[in-house]
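Residue numbers (this note's numbering): 3 to 327.
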């Protein structure tokens, strides 16, 4: 998507990323090399060409590694090596999700993970979007990384949040992004933030479309559209005006064929519920958990306090019944 958007912008003489910057944003290995050269905090990483090379690295560095395709997205093919039974199969799965058939590994760093959403204006990175990622199901879905929504505002101290925002700005500058949108995946390990990935695009999953406006009052999509059309965007438009609590959670039904779906309308009537999306339909097949999130519904709640928003989200999920057989 970034390369397509950059090419179209170039042809139409609209503002946008240079094509070479968009290409860098779509290649995780090249991106990590760029960050390393610029002194941006990142986990140790290496390209892996064969299952035998993966085995050697697992012996040399220990198995607390993450294997991933070099040029895929959405956690497809991403696995935690320490929880993989067959290294060769893990390598083949990661490679199967790479259009260029390239695979890399990086050190797994424990600690809270956050998603950021930024707009870079004249080289200055503004980050109104800041969400704690919810990985409560890591053990259940191991070796895969299945995210169960997120929480805004972040639990992290203000000082750590500022470190994260500064890191995202340095990473964007290292890639040559002076004008555009940036989505960051960051881990805070022993008090220091590290870049897992940076995407030169808008996020999915309702983060920029619904969560940021509910949390901060910032019309992030509106600002991004203006930016893409060459219209002026003021930093004031990206300054949060409030910090309301927003909670996103997913429903994970049992694997099997969906025989009935109910409760969505009741869930929507719960005070504080901002969005209910049910994707499961009767007759759909819910596969066993893999490298793609096996969710079938999503709820988004907003309230003055985190506790109230979380209660609303959990109450709504409890009403959504997706039966499989």
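Glycine included, each C-beta is placed from N, C-alpha and C at the ideal position.
Boundaries (first-last residue) of the beta strand (DSSP E) holding residue 128: 126-135
Where does the unbroken beta strand (DSSP E) through residue 186 begin, and where does it stop? 182-191
Nearest-angstrom Cα distance between residue 208 and residue 153? 13 angstroms
Would you call the stretch 122-139 in contact with the stretch 162-178, where contact means no fewer than 3 C-beta pairs closer than 8 angstroms? yes
Give the list of continuous beta strand (DSSP E) stretches no shorter than 3 residues that lie fully inside the stretch 216-279. 247-253, 258-264
Name the residue from 315, 324, 190, 282 whose alpha carbon lies nearest to the alpha carbon of residue 159. 190
Using the C-alpha atoms, what's the distance from residue 74 back to residue 331? Nothing about residue 331 can be read from this structure; the chain reaches only from 3 to 327.
Which residue or residues does DSSP assign as beta-bridge partners of residue 304? 248
Three-state secondary structure assigned by DSSP to residue 319: helix
So, using beta-carbon positions, are residue 314 and residue 275 closer together than 8 angstroms? yes
Roughly how many whole angstroms lie between the Cα atoms of residue 136 and residue 150? 5 angstroms
Would residue 260 pass as a contact of residue 280 if the rule is Cβ separation under 8 angstroms? no
Residues that residue 119 bridges to, as DSSP identifies them: 131, 185
Any chance you could list the beta strand (DSSP E) runs of at least 3 consecutive residues sitting entirely within the stretch 55-102, in chain order? 67-71
Output the boundary residues of the beta strand (DSSP E) element that contains residue 48. 47-50
Going by other Cβ atoms of all chains shown within 10 Å of its Cβ, with 16 needed for buried, is residue 192 buried or exposed? exposed
Between residue 18 and residue 182, which are expected to be in contact by the criterion C-beta below 8 angstroms, what is the C-beta distance as a whole number of angstroms? 7 angstroms
Within 7 angstroms: the Cβ of residue 195 and any heavy atom of the ligand ZN? In terms of ligand content, the structure shown is empty, and the ligand ZN therefore cannot be addressed.
Buried or exposed (CB count within 10 angstroms, at least 16 for buried), residue 10: exposed
Between the stretch 227-234 and the stretch 23-42, are three or more C-beta pairs nearer than 8 angstroms? no
Inter-residue Cα distance where the pair is residue 268 and residue 322: 8 angstroms
Cα-Cα, which of 15, 13, 28 is closest to residue 5? 28
Return the residue from the list 79, 25, 177 that minimises the CA-CA distance to residue 95. 79
My output table needs one value for residue 284: the three-state DSSP class, helix, strand or coil. coil
Please state whether the Cβ-Cβ distance between residue 47 and residue 107 is less than 8 angstroms. yes
Residue 277 versus 257, 301, 265, residue with shortest Cα-Cα distance: 301
Cβ-Cβ distance between residue 318 and residue 249 below 8 angstroms: no
Between residue 110 and residue 20, what straight-line distance do the alpha-carbon atoms span, to the nearest angstrom? 32 angstroms
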